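Undergrad: Chains as they are written, first to last, in the UniProt record's numbering: chain A, 1 to 222; chain B, 1 to 222.
Don't be surprised by glycine CBs; every beta carbon is placed ideally from N, CA and C.
Just so you know, these numbers come straight off a predicted model, no measurement behind them.
The structure is given below, and queries will be raised subsequently.
Number of protein chains: 2
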Amino acid sequence: MPPLNLGDEMPNVAIVTNEGSMKMHEFMKDSWIILFSHPRDYTPVCTTELGRAANLAPEFKKRGVKMIALSCDDADSHNGWIKDVQSHANHVGDFPYPIIADDSREIAKSLGMIDPDESAGAGMPLTCRAVMIFGPDKRLKLSMLYPATTGRNFTEILRVVDSLQLTATKKVATPVDWKVGDKCMVVPSVKKEEEAGLFPKGVETLSVPSGKGYLRMTPMPE
Amino acid sequence: MPPLNLGDEMPNVAIVTNEGSMKMHEFMKDSWIILFSHPRDYTPVCTTELGRAANLAPEFKKRGVKMIALSCDDADSHNGWIKDVQSHANHVGDFPYPIIADDSREIAKSLGMIDPDESAGAGMPLTCRAVMIFGPDKRLKLSMLYPATTGRNFTEILRVVDSLQLTATKKVATPVDWKVGDKCMVVPSVKKEEEAGLFPKGVETLSVPSGKGYLRMTPMPE
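Below you can see the structure in the form of structure tokens.
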């Protein structure tokens with residue numbers, strides 16, 4: 001199956017995790033969700049990634065984002081491997097998110113997380129490093145597909161969560177390379193006469209050769 | 001159409017750009033390619049992104065990566081808008097990459113770059129902020145799909161290009177949050193007895209509770 005597209009709803013598949021079984025929508029409830037897949041337990045890059053994610057769990061929790069990982073290994077493998085992940089990352093206490101045991105590849109296939117270049121032998125494909133961020137409406141807001149060779153950047157993942165959550169409620173968008181605290185841009189649908197009411201901190205319209213006043217900056221809304 | 005998956009080949013579609021018409025494979029030749037779409041000319045976030053990309057063009061060129069942008073506007077629109085992009089980004093000289101004029105949405109649809117939440121009215125959908133990085137074999141190596149609200153991070157894009165190119169020729173993978181110069185990880189397929197020959201700078205095997213020696217670090221290969 002090809003990858004999910006922006007706007008697609010997470011299918012309500014049955015999931016088996018190292019913390020128990022449930023339906024995906026039961027896990028998601030009405031929360032923001034980050035689902036991230038890795039190729040294989042007991043492999044190097046995955047260990048660094050899941051450790052970093054564990055240490056960042058308080059940051060995701062603060063933003064109301066529930067985390068869930070996925071690979072094509074079984075639940076026993078996940079539980080054994082978590083000890084390595086925690087040891088490598090100096091993470092102590094309970095592991096902060098479940099890992100889906102998708103040994104049948106059913107979920108990875110339905111979400112389009114399979115990397116055709118990665119194989120566990122005997123024609124069994126593995127998952128790529130996918131990141132899928134879903135909103136409380138269970139629809140895909142943003143996705144990344146990285147190959148097995150390339151570990152992800154969790155600072156970038158937090159940055160986009162901040163942008164997605166801010167822009168879901170305020171009539172702004174975030175410019176290239178934006179980070180929390182930087183100025184935002186007023187979205188094109190806001191009329192000139194609405195600016196003062198919507199943006200009490202002020203709006204600065206930058207001048208461009210076309211004379212079109214579409215580059216409108218405003219301090220990050222509260 | 002759903003998004004391209006890792007490993008999929010770029011279709012050899014006919015493209016019209018603000019710099020002329022050609023077939024996609026004729027443009028790509030055997031180069032690394034970054035194709036990035038934006039929702040619309042003369043809109044705020046897109047202007048900041050294409051300006052940043054223009055200023056980073058020497059960095060992409062140094063890495064042998066050809067850049068090409070895409071939106072559903074026509075070539076005249078692109079040529080007019082480029083003046084705004086350059087003015088805002090303080091970019092002088094020739095604009096360093098072509099922009100595909102996909103007003104029919106044919107290419108965006110075939111690559112799965114359409115954002116169903118964005119519309120130009122009259123049911124005409126717009127493109128999301130897709131980034132697709134293709135290798136010299138014209139196959140998709142990495143992709144990002146960001147919504148219109150969320151500008152991309154070109155530092156992250158350069159970071160993953162560095163990882164993709166390094167790991168395409170050396171038997172290493174790059175860990176979470178890696179950047180050029182950081183240590184790399186030896187890929188699982190390398191046997192213990194091959195380490196010395198492949199990694200003359202040395203390999204350090206980190207200890208983990210499982211006792212499995214899969215966390216093997218090595219200085220970044222030249």
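Measure from the C-beta of Gly7 of chain B to each C-beta in chain A and report whether the shortest distance is under 8 Å.
TA: Position 7 of the second sequence, counted from the first residue, corresponds to residue 7 of chain B. Judged by the 8 Å Cβ criterion, Gly7 of chain B is in contact with chain A.
Undergrad: Using the beta-carbon of each residue, which ones in chain A are nearer than 8 Å to Gly112 of chain B?
TA: Here residue 112 of chain B refers to the residue found at position 112 of the second sequence. By Cβ distance, chain A contributes Pro2, Pro3, Asn5.
Undergrad: Between which two residues does the beta strand (DSSP E) containing Asp115 of chain B stretch?
TA: Start at 1 with the first residue of the second sequence, and residue 115 of chain B comes out as number 115. First-last of the beta strand (DSSP E) with Asp115 of chain B: 114 to 119.
Undergrad: So the beta strand (DSSP E) Ala130 of chain A belongs to, where does it begin and stop?
TA: Looking up residue 130 of chain A in the first sequence gives position 130. 129 to 134 is the span of the beta strand (DSSP E), which, as asked, contains Ala130 of chain A.
Undergrad: Relative to chain A, which residues along the region 91 to 105 of chain B have a C-beta separation below 9 Å, given in chain order?
TA: Within the region 91 to 105 of chain B, no residue qualifies.
Undergrad: Would you identify the three-state DSSP class for Pro58 of chain B, choosing helix, strand or coil?
TA: Here residue 58 of chain B refers to the residue found at position 58 when the second sequence is read from its first residue. Helix at Pro58 of chain B.
Undergrad: Taking contact to mean 3 or more Cβ pairs, one atom from each stretch, closer than 8 Å, check whether the region 93 to 110 of chain A and the region 63 to 74 of chain A are in contact.
TA: The region 93 to 110 of chain A, when compared against the region 63 to 74 of chain A, does touch it at the 8 Å Cβ threshold.
Undergrad: May I ask you to list, following chain order, the residues of the region 122 to 133 of chain A that have a beta carbon less than 7 Å from some beta carbon of chain B?
TA: Result list: Cys128.
Undergrad: Please name the residues in the region 185 to 214 of chain B whose beta-carbon is closer than 9 Å to at least one beta-carbon of chain A, in chain order.
TA: If the cut-off is 9 Å between Cβ atoms, the region 185 to 214 of chain B has Met185, Val186, Val187, Pro188, Leu206, Ser207, Val208, Pro209, Ser210, Lys212, Tyr214 near chain A.
Undergrad: Relative to chain B, which residues along the region 40 to 55 of chain A have a C-beta separation below 7 Å, given in chain order?
TA: Answer in chain order: Tyr42, Thr43, Pro44, Val45, Thr47, Thr48, Glu49, Arg52.
Undergrad: Hey, is Val176 of chain B's beta-carbon within less than 8 Å of any beta-carbon in chain A?
TA: Translated into positions along the second sequence, residue 176 of chain B becomes position 176. Answer yes: the Cβ-Cβ gap between Val176 of chain B and chain A drops below 8 Å somewhere.
Undergrad: Tell me, please, which residues DSSP counts as bridged to Val186 of chain B.
TA: Sequence index remark: in the second sequence, residue 186 of chain B carries index 186 (1-based). B:Val172, per the DSSP bridge assignment.
Undergrad: Can a CB atom of chain B be found closer than 8 Å to the CB of Asn153 of chain A?
TA: Translated into the one-based positions of the first sequence, residue 153 of chain A becomes position 153. Closer than 8 Å: yes.
Undergrad: Taking Cβ-Cβ distances shorter than 8 Å, what residues in chain B pair up with Pro88 of chain A?
TA: The sequence position of residue 88 of chain A within the first sequence is 88, counting from 1. The question names Pro, but residue 88 of chain A is His in the sequence shown. Within chain B, the residues near His88 of chain A are Leu206, Val208, Leu215.
Undergrad: Name, in chain order, the residues that DSSP records as bridge partners for Pro209 of chain A.
TA: Looking up residue 209 of chain A in the first sequence gives position 209. Answer by DSSP bridge pairing: none, since Pro209 of chain A is not bridged.
Undergrad: When the Cα atoms are used, what is the spatial distance from Glu9 of chain B to Val13 of chain A?
TA: The residue given as residue 9 of chain B occupies position 9 in the second sequence. The residue given as residue 13 of chain A occupies position 13 in the first sequence. Going from the Cα of Glu9 of chain B to the Cα of Val13 of chain A covers about 30 Å.
Undergrad: Inspect the beta-carbon positions of residue 238 of chain B and Lys201 of chain B and report whether they are closer than 8 Å.
TA: Outside the displayed range of chain B (1 to 222) lies residue 238 of chain B, so it cannot be described from this structure.
Undergrad: By DSSP, does Glu9 of chain B sit in helix, in strand, or in coil?
TA: Position 9 of the second sequence holds residue 9 of chain B. In this structure, Glu9 of chain B counts as strand in the three-state DSSP scheme.
Undergrad: Check the C-beta distance from Asn18 of chain A over to Asn79 of chain A and give it rounded, since I have them as a contact under 8 Å.
TA: By 1-based counting over the first sequence, the position of residue 18 of chain A is 18. By 1-based counting over the first sequence, the position of residue 79 of chain A is 79. Confirmed, about 5 Å.
Undergrad: Measure how close the beta-carbons of Val45 of chain A and Pro175 of chain B come, nearest whole angstrom, since I'm counting them as under 8 Å.
TA: Within the first sequence, residue 45 of chain A is the residue found at index 45, counting from 1. Within the second sequence, residue 175 of chain B is the residue found at index 175, counting from 1. Val45 of chain A to Pro175 of chain B, Cβ: 5 Å. Contact.
Undergrad: Who are the neighbours of Leu70 of chain A on chain B, taking C-beta pairs under 9 Å?
TA: On the first sequence, position 70 is the one that residue 70 of chain A refers to. What Leu70 of chain A touches in chain B: nothing, since even the nearest Cβ is about 16 Å away.
Undergrad: Provide the residue span of the alpha helix (DSSP H) that contains Gly197 of chain A, from first to last.
TA: Here residue 197 of chain A is taken as the residue at index 197 of the first sequence, counted from 1. Run containing Gly197 of chain A: 195 to 198, per the alpha helix (DSSP H) assignment.
Undergrad: Note down the Cα distance separating Met113 of chain A from Ser210 of chain A, rounded to an integer number of angstroms.
TA: Numbered from its first residue, the first sequence carries residue 113 of chain A at position 113. Numbered from its first residue, the first sequence carries residue 210 of chain A at position 210. Each residue's alpha carbon lies about 43 Å from the other.
Undergrad: With a cut-off of 8 Å on the beta carbons, I'd call Val130 of chain B and Phe36 of chain B a contact; round off their distance for me.
TA: Along the second sequence, one-based indexing puts residue 130 of chain B at 130. Along the second sequence, one-based indexing puts residue 36 of chain B at 36. It is Ala, not Val, that sits at residue 130 of chain B in the sequence shown. Yes, Ala130 of chain B and Phe36 of chain B are in contact; Cβ-Cβ is about 7 Å, under 8 Å.
Undergrad: Going by other Cβ atoms of all chains shown within 10 Å of its Cβ, with 16 needed for buried, is Lys83 of chain A buried or exposed?
TA: Numbered from 1 along the first sequence, position 83 holds the residue referred to as residue 83 of chain A. By the neighbour-count rule (16 or more Cβ atoms within 10 Å), Lys83 of chain A is not buried but exposed.
Undergrad: Report buried or exposed for Asp137 of chain A, applying the criterion of at least 16 other Cβ atoms within 10 angstroms of its Cβ.
TA: Start at 1 with the first residue of the first sequence, and residue 137 of chain A comes out as number 137. Exposed: under 16 other Cβ atoms inside 10 Å.
Undergrad: When you compare the CB of Gly80 of chain B with every CB in chain A, is at least one pair closer than 8 Å?
TA: Numbered from its first residue, the second sequence carries residue 80 of chain B at position 80. Answer yes: the Cβ-Cβ gap between Gly80 of chain B and chain A drops below 8 Å somewhere.
Undergrad: Measuring CB atoms only, is the region 150 to 160 of chain B touching the region 94 to 104 of chain B, in the sense that at least three cross pairs come out at less than 8 Å?
TA: Not touching, per the Cβ criterion.
Undergrad: Which complete beta strand (DSSP E) runs does the region 82 to 109 of chain A hold, if anything under 3 residues is left out?
TA: Complete beta strand (DSSP E) runs here, min 3: 99 to 101.
Undergrad: Provide the residue span of the beta strand (DSSP E) that contains Met144 of chain A, from first to last.
TA: Translated into positions along the first sequence, residue 144 of chain A becomes position 144. It spans 140 to 146 - the beta strand (DSSP E) in which Met144 of chain A sits, taken as one unbroken run.
Undergrad: Buried or exposed for Glu194 of chain B, please, with buried defined as at least 16 other CB atoms from any protein chain shown within 10 angstroms of its CB.
TA: Here residue 194 of chain B is taken as the residue at index 194 of the second sequence, counted from 1. Flag for Glu194 of chain B reads exposed.
Undergrad: So, with DSSP's three-state summary, where would you put Thr155 of chain A?
TA: As a first step, residue 155 of chain A must be located in the first sequence, where it is residue number 155. Three-state DSSP puts Thr155 of chain A in a helix.
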